[in-house]
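Residue numbers (this note's numbering): -4 to 761.
Backbone N, C-alpha and C define an ideal beta-carbon position, used for all residues, glycine too.
Data first, discussion second: the structure below is written as structure tokens.
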Amino acid sequence: MGAIKAVLSSVALTAIAAVSCPGSAAARGVSGRISLPSLPLRDALAEIAARTGVVVTVDPDIPAGLRSRAVRAAPDALAAVRQAVADTGLAVDTGPDGRLTVVGEVVVTARRDEAETGLPIRHTSTSSRLGDSLREQPRNTQVFGARLLAEQQAQTIPDALRNAGGVSVNTATVQGGTGYSVRGFASGGVQNGLPGSTADGVAVGVTQSIANVERVEVLKGPDALLAGVGNLGGTINVVTKKPSAEPYLYVSGETGSYGRMRGTIDATRGLNDAGTISARVVATAASADRNFGGYRGNEDYLLAPSLRYKDERTDVVLSISASNQIFGLQPFVPLNPGANMPFDYPRDRPIVSRDQFLRVGTTQYYGEATREIGNWLTLVARAQHQDLRLDLKYYGVLFVASSSGVVGLTTGDARQTGAADALDGYARISVTTGPVEHVLVGGYTHVENDTRAFSASGSDLVFQNIFTDPVPAPLLPVDRQDYRLSSSQDGAYGQYWLTVGPVRLIAGVRHNRYDSSIVIPNHDSSPQSKSATTPNVGVVVDVSNDVSLFGAAAWGYVPTFSPDRSGNLLPDTHTLNLEGGVKVDLADDRLFLVASYFKLRQSNLIIVDPIDPRYSIAVPGQQGKGIDVNLTGQVAKGWQVQASLTRIDYSFPTPFRSGIVVQGQPRDQYGIYTSYRRALGMMASAGLGAGVYGRSSASVNRRGSYYVPAAVQADLNAFLTVGRLDLNLGVRNMFDRRNYGITYSPSFIPRQEPRNWRLTTGYRFQ
């Protein structure tokens, strides 16, 4: 990867230097609404003309090879053509005789994604290789764009995931990081559609600075086709921003409670007259005096330059991001075993010591290239290299020794380093035979990970009363390597999408080989290898122009290399997700509703052997079944909404001795954010946004001996825009509720934020 780093580093320097008429008459209407899939643009326009009888011509200077957007329930020819050419840089002129002409001086240039400019996101999700829209996918997917996250003043990926149904964020990992689960199963996550480097307790992409995030995609149901092994309940894809040829320079600053300060610059522009070459730089710096628990304040530093070449057939993006982040220890309180409730400990007082934190340094090199050959073949290649270093300074609370507040602590620092390389390439073929449209995808993915863990050799167990004892001796520095874990995945996959009239059938399969080797000092290494084939199938039926029904079955897989205490290798873990639902366009396509019922079953669960904790055992797997409802879009002019509701019954169909309830998974989760903005003359607008997010209680362990109480939080934002100046004042947890986060450890029950405020000021120079 040395040569790649050198090339991309020069790209970064280049990028940094570089960035220092619709028609008035309506076309003749038709009696029925018009719906079309994405087609070669000229074919789509010809079909619209044939259905409506309206003459549609195309400027001869527009090159062949462009594809249309899908057309959904257009009431007339003009509306259909406008949908077909949306986001292509083309315009529609209407002649005096009703003739429509598609024109455009700049045919294809890089533009900012709809996730940055609008709240409802309806077009292709970047994690689908088939090029299908959200309406056309046989699954329940949620997408949150940069504009929504900016309105909500989200500062982290966990902030963004409050909008997602069926996703639980776990800030109570032993390693001090943040992870999440989707529909009851831990997810490693992906970034730009590729697996990346991860450390224990820190999911891929979860520490990505929100300043460089274009969108967050929540993909529900097993996703072996995209991510390979793991991600049994679904995954999260964090997509970073790309250059645009449209000049855009936005500078913002933020302040708030706890001495919080942040400054961000986002600049992009074209570098040539044709707009085919563009560059972007995103930079942010943030710090705080402390966090709400009295620990060290968070810091966030990011520099992310990128270059892009885009014409009518080719799209190439090269980017680098370098970040350094410090997260003050997640405020927490242990469970009092005598009272079976959290200790009554001051909310803003750190436990043991203020100077406890997690430092995450990440460098990422990313490139992607898309090439269209004719109207039938698209080639895509992506490559990514990540380097990750995680340093943890934390007096780890291992257990609670007494109800007076005595706990057992570790006394040494910890560190993990990781490096990952990921390559993915595929070809997509689109052909039509009579009334049948075919899309075929074939590709290959290769991923390598290398993780090393370090600790302090002199670390010991000490006892400390969290109420009365002084701060213990400083944490011991890292001085030894505990293990090195190397792994690789190779996956060959194929997908087939067949459309006949209102019916779309989708099938996919991936064969994955997973190799793993762990080296522990003074022990023999143990290289191992396994492979598996995971399929998925789905169907979407357009009942009408506004309503589609869908059904899907998807399989997931995780290899197991652990033996039981008898030396027998434990079984691999498999999941099957069965799901059916409905997708509905409401309010003249301004609102998009998805509602589904699913059943997700796990074959077995690997847990620590209660007789000999040096080994593991396999026990019956868990099951989740329930409803998942999402609504997004525009209720009326200026009034936006983003809402989700899940009710999932988690259980062990075959209970075992220590498995009565599924831990860390609330039955109910809900979130609704709505905003209204009204124009105040020609140069100003103002509005309000409000969000309510909550969940039901969740068990700390599988015995159900203690449940973290239900939580609910209400936020309020007020917006004002005057010319190019934006103001956003937000209050989080308006009613100052005392909430706790989910956890798997009774010694670490995370606290959630008290009432606090944030003020963001931004100015658009271009």
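Straight-line Cα distance separating residue j from residue i
i	j	result
A(-2)	H380	With a pLDDT of 45 at A(-2), under the threshold of 50, the modelled position of that residue is not reliable, and the figure given next carries that caveat. Those two C-alpha atoms are separated by around 12 Å.
V258	D295	Looking at the sequence itself, residue 258 is Gly, so the reference to Val does not match. Taking the straight line from one Cα to the other gives about 10 Å.
G183	G453	32 Å
A141	I612	44 Å
R37	V53	8 Å
A527	S598	15 Å
M729	R642	25 Å
S483	K525	11 Å
L711	P516	53 Å
L385	R349	19 Å
R585	L600	43 Å
A415	R609	29 Å
T555	T669	44 Å
G705	R733	This sequence places Ala at residue 705; Gly is not what is there. Cα to Cα, the separation comes out at about 10 Å.
L144	P522	43 Å
S511	G191	16 Å
F458	Y390	11 Å
L564	A206	45 Å
H441	V532	24 Å
R699	L683	In the sequence on display, residue 699 carries Gly and not Arg. Near 41 Å, if we compare the C-alpha coordinates of L683 and G699.
R377	F651	45 Å
Y360	S314	6 Å
A638	G689	12 Å
G400	Q147	38 Å
A41	K305	26 Å
L372	R423	6 Å
Y488	A502	11 Å
Beta-ladder partner(s) of residue i, from DSSP
i	result
D765	What the structure shows of the chain is the stretch from -4 to 761, and residue 765 is not part of that stretch, so it cannot be assessed.
S691	DSSP output for S691 lists no bridge partner at all.
N226	Its beta-bridge partners do not exist; DSSP assigns none.
F327	P745
P615	N599
T235	V208
T494	E432, R499
A679	V717
L298	A278, A317
G654	F651
Neighbourhood of residue i by C-beta distance below 7 Å, restricted to the same chain and skipping five residues each side
i	result
A22	With a pLDDT of 34 at A22, under the threshold of 50, the predicted position of this residue should be treated as unreliable, and no value is reported.
L581	L588
S273	A105, P238, S239, A240, T263, R264, G265, L266, R303
V35	The question names Val, but residue 35 in the sequence shown is Pro. Cβ within range, chain order: R62, N370.
G251	N751, W752, R753, L754
P749	F287, R342, N728, D731
Y421	R124, V375, V436, G437, G438
V656	S694, R697, G699
L544	V536, V538, V577
V466	V347, S348
Own chain residues within Cβ distance below 6 Å of residue i, not counting five before or after
i	result
D408	K388, A451, L470, P472, V473
S680	R672, A674, T716
P17	Low confidence applies to P17: its pLDDT is 33, below 50, so where it sits in the model is not reliable enough to give any reading.
A20	Annotation note: pLDDT 31 at A20 (below 50); position unreliable, coordinate value reported separately. Contacts found: T89.
D261	Y245, V277
S539	none
V707	G689
Cutoff 8 Å; reference residue i; Cβ partners in own chain excluding five residues on either side
i	result
I744	A167, F327, V328, P329, L330, P337, V695, V703, Y735, G736, T738
S123	Q132
V393	Looking at the sequence provided, one finds Leu at residue 393 rather than Val. The answer, listed in chain order, is V402, G403, L404, T405, L456, S742.
When the options are compared against residue i, the one with the closest alpha-carbon
i	options	result
Q617	P648, I424, R67, L227	P648
I346	P530, N460, Y509	N460
T358	N723, A299, R255	A299
Q320	K305, S314, G292	G292
Q747	A709, R719, N507	A709
G628	A79, Y645, I667	I667
D481	T230, A487, D537, G413	Position check: residue 481 holds Ser in this sequence, whereas Asp was assumed. The shortest Cα separation from S481 among T230, A487, D537, G413 belongs to G413.
D537	G403, P530, L571, V498	V498
I368	T47, S425, L722	S425
Are three or more beta carbon pairs between the stretch 620 to 632 and the stretch 581 to 595 nearer than 8 Å? yes
Counting Cβ pairs closer than 8 Å, one from the stretch 329 to 346 and one from the stretch 268 to 283, do we hit at least three? no
Kindly confirm or deny that the stretch 426 to 438 and the stretch 479 to 493 touch, where touching means at least three C-beta pairs closer than 8 Å. yes
Touch check for the stretch 686 to 693 and the stretch 653 to 663: three-plus C-beta pairs under 8 Å? yes
Are three or more beta carbon pairs between the stretch 307 to 317 and the stretch 338 to 347 nearer than 8 Å? no
Answer yes if the stretch 572 to 581 comes into contact with the stretch 125 to 140, meaning at least three C-beta pairs across the two stretches below 8 Å, and no otherwise. yes
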